[in-house]
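Colleague: In this note's numbering, the protein residues as written are 936 to 1057. Glycine is no exception: its CB is placed at the ideal position from the N, C-alpha and C atoms. Structure incoming, see below.
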Amino acid sequence: METHVKVVAILHLVFSGMMLLMGLMVAILVVSGGLISGDKTAIAITSGLGFFFAVLFVCLSVPAILGAIGTLKLKNWGRILLIIVGILNLPGFPVGTALGAYTLWVLFQKETELLFSGDENS
């Protein structure tokens, strides 16, 4: 089961890294659209939207990255954080659903709980 735990953590790192890149690209494209128009109102609106999307994608990615790092180190808080992230991923069909379901399946196994039980609140 330790292999599955590592795979789940790595998948979350990769998925979250891709989300960060996607958020950055969306922000750049939205802001660029306003800059191309040359209209001050459009620039203000698209800059605000670009900033919003960048912050949104960071807020969605950082907990998964932290949880994955904690899980790789077999920290129980990382396991709990990835369980929460896995539940939040479920509506994201198809990739989020598959990742969320796999995460929950792996992290709720009795073997996995025993693997993390050696971690005393650290």
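#1: Starting from the Cα of L1049, find the closest Cα among I1000, R1014, F1028 and give me that residue.
#2: Return the chain-ordered list of same chain residues with a C-beta closer than 6 Å to the C-beta of A1003, the five sequence neighbours on each side being excluded.
#3: Between the stretch 976-989 and the stretch 959-968, do three or more beta carbon pairs fall short of 8 Å?
#4: Buried or exposed, going by whether 16 or more other CB atoms sit within 10 Å of the CB of S1057?
#5: Does the pairing of the stretch 1010-1025 with the stretch 988-1001 give three or more beta-carbon distances under 8 Å?
Modeller: To lay it out plainly:
#1: R1014
#2: A944, H947, L948
#3: yes
#4: Reliability of the predicted coordinates at S1057 is poor, the pLDDT of 46 falling under 50, and no value is obtained from them.
#5: yes
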